[in-house]
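Engineer: Sending over a structure as structure tokens; questions will come in a sec.
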Amino acid sequence: MTDRLVADAAGIARAADLLRGGALVAFGTETVYGLGADATNAKAVAAVFAAKGRPSFNPLICHYADAGAAFADVVPNDAARSLAQAFWPGPLTLVLPRRANSSVALLTGAGLDSLAVRIPSHPTASALLRAVGRPVAAPSANRSGHVSPTTADHVVEGLAGRIAAVLDSGPCVVGVESTVLDLTGPPTLLRPGGIAREALEAVLGPLGTAAAGAAFRSPGLLASHYAPTLPVRLNATEVAGDEALLAFGPPLPGAAAAFQLSEAGDTDEAATNLFSGLRTLDTAGARLGLRGIAAMAVPDAGLGLAINDRLRRAAAPRG
Ligand code: TXA
Ligand code: MG
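Read in order, the letters of the sequence shown correspond to residues -10 to 308 in this note's numbering.
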């Protein structure tokens, strides 16, 4: 029921046709796989919320082929222009005031007067967006609350039969979602992601971070998220024989199963492997009857900030 499309010219053309016809198509980006829908078609966007089981107060990111197309739907300011110059195309999402004449369906932005826009750098995603010629709304292509997909297989595991197709462009290189930055007021980091905070600050100066109450401004910041089936324990300094280990650097001894994020302790490499690692340990844990995942500490620098954000959500009480 869900077609697997090869990311060649024919596959991209087919995916674009499906999207323009109002169907849901998952596609690879440099960060994670997105669940795409024509952002100007409220019915298609509603189907995204239904396929994911996503609360409809949680707004979606609009994807464009280039900054010119994005800035036709939102009003850029100086910070947005500088950041677009420095980081687009790439894993940075900007929240900006929505233009009154934008054709993006209100449901895409969950009725907010701002809109989150992003220009992915993955060549397949770029070619697809060019072929569609309309903004494409795309949350991560997973069931709401579950681990984000970084391969086409992950997408099929969660959404087979619920979407028309998945465009397989291979494993995602960045591995964590885009950084979400609110520029509707003083620049505020809503979600750490694929562009490091340090890199943004090199362009903008010191950034504010969304604090308590931010869940209202960026509803995707719900505490429990990215959750594997097994409970996750953070900052492990030892591991029990009935636990799975998510290792970073030299692994702790004694785990029943282990997944190495980065032997060399590199946070970029660890981000690439994070979601695959959680899925692999979840599967091993179910097979071996383990009680949980023990995650070793990752430093907060570079993409470590995004990794720790996702791990904290994976470890948060489920509700
Ligand atoms: O890397 C990514 O960003 C991936 C790929 C597919 O592009 N997409 C993604 O989308 O992670 P999603 O929907 O899972 O996360 C979007 C985040 C959520 O935290 C949402 O609340 C926030 O962006 N967001 C979207 N529109 C917003 C807005 N107008 N104001 C504040 N936050 C917004
Ligand atoms: Mg998501």
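In this text, a Cβ means the ideal position worked out from N, Cα and C, and glycines have one as well. It should be emphasised that the depicted structure is a prediction, and the values quoted were computed from it without experimental measurement.
When you compare each of L300, L(-6) and P306 to A141 by their alpha carbons, which one comes out closest?
Structural biologist: By 1-based counting over the sequence shown, the position of residue 141 is 152. Per the Cα distances, L(-6).
Engineer: When you compare each of D67, C51 and A12 to A40 by their alpha carbons, which one comes out closest?
Structural biologist: Position 51 of the sequence shown, counting from 1, holds the residue named residue 40. Looking at the Cα atoms, A12 is the closest of the given residues.
Engineer: Quick check: the segment 92 to 101 against the segment 226 to 234, are at least 3 beta-carbon pairs closer than 8 Å?
Structural biologist: At 8 Å Cβ cutoff, the stretches do not touch.
Engineer: In whole angstroms, what is the alpha-carbon distance linking P306 and P128?
Structural biologist: If you number the sequence shown from 1, residue 306 lands on position 317. If you number the sequence shown from 1, residue 128 lands on position 139. Roughly 23 Å between the two C-alpha positions.
Engineer: Over what stretch of residues does the beta strand (DSSP E) that includes A26 continue unbroken?
Structural biologist: Working through the sequence shown from its first residue, we reach residue 26 at position 37. That run of the beta strand (DSSP E) goes G23 to D27.
Engineer: How long is the line joining the alpha carbons of P288 and R3, rounded to whole angstroms?
Structural biologist: Taking the first residue of the sequence shown as 1, we reach residue 288 at position 299. Taking the first residue of the sequence shown as 1, we reach residue 3 at position 14. Taking the straight line joining both Cα atoms gives about 43 Å.
Engineer: With burial defined as no fewer than 16 other Cβ atoms inside 10 Å of the residue's Cβ, what is the status of P124: buried or exposed?
Structural biologist: Your numbering for residue 124 matches position 135 in the sequence shown. With 16 or more other Cβ atoms within 10 Å, it is buried.
Engineer: Tell me whether S251, by its Cβ, gets closer than 7 Å to a heavy atom of the ligand MG.
Structural biologist: Here residue 251 corresponds to residue number 262 of the sequence shown, with the count starting at 1. Checking the Cβ of S251 against the ligand MG gives no.
Engineer: From G183 to L292, what does the alpha carbon distance come to, in whole angstroms?
Structural biologist: In the sequence shown, residue 183 corresponds to position 194, counting from 1. In the sequence shown, residue 292 corresponds to position 303, counting from 1. In a straight line, the C-alpha of G183 is about 6 Å away from that of L292.
Engineer: From T82 to P242, what does the alpha carbon distance come to, in whole angstroms?
Structural biologist: Position 93 of the sequence shown, counted from the first residue, corresponds to residue 82. Position 253 of the sequence shown, counted from the first residue, corresponds to residue 242. Roughly 39 Å between the two C-alpha positions.
Engineer: Just to confirm before moving on: does the CB-CB distance between A54 and V37 stay below 8 Å?
Structural biologist: As a working note, residue 54 is residue 65 in the sequence shown. As a working note, residue 37 is residue 48 in the sequence shown. No, they are not a contact pair.
Engineer: In chain order, what residues of the same chain lie with their CB nearer than 7 Å to the CB of G0, ignoring the 5 residues before and after it?
Structural biologist: Counted from its first residue, the sequence shown places residue 0 at position 11. Within the same chain, G0 has close Cβ partners L(-6) and L156.
Engineer: Helix, strand or coil: how does DSSP classify F16 here?
Structural biologist: Residue mapping note: residue 16 aligns to position 27 of the sequence shown, counting from 1. If DSSP states are grouped into helix, strand and coil, F16 belongs with the strands.
Engineer: Look up V2 in the DSSP assignment and say whether it is helix, strand or coil.
Structural biologist: One-based indexing of the sequence shown puts residue 2 at position 13. Residue identity check: residue 2 is Ala in the sequence provided, not Val. In the structure shown, A2 sits in a helix (DSSP, three-state: H, G or I).
Engineer: Mapping DSSP to helix, strand and coil, what is T324?
Structural biologist: A question about residue 324 goes unanswered here, because the residues of the chain that appear run from -10 up to 308.
Engineer: Of the residues A35, A199, T177 and T261, which one's Cα is nearest the Cα of R68?
Structural biologist: Mapped onto the sequence shown, residue 68 falls at position 79. The question names Arg, but residue 68 in the sequence shown is Ala. Answer by Cα proximity: T177.
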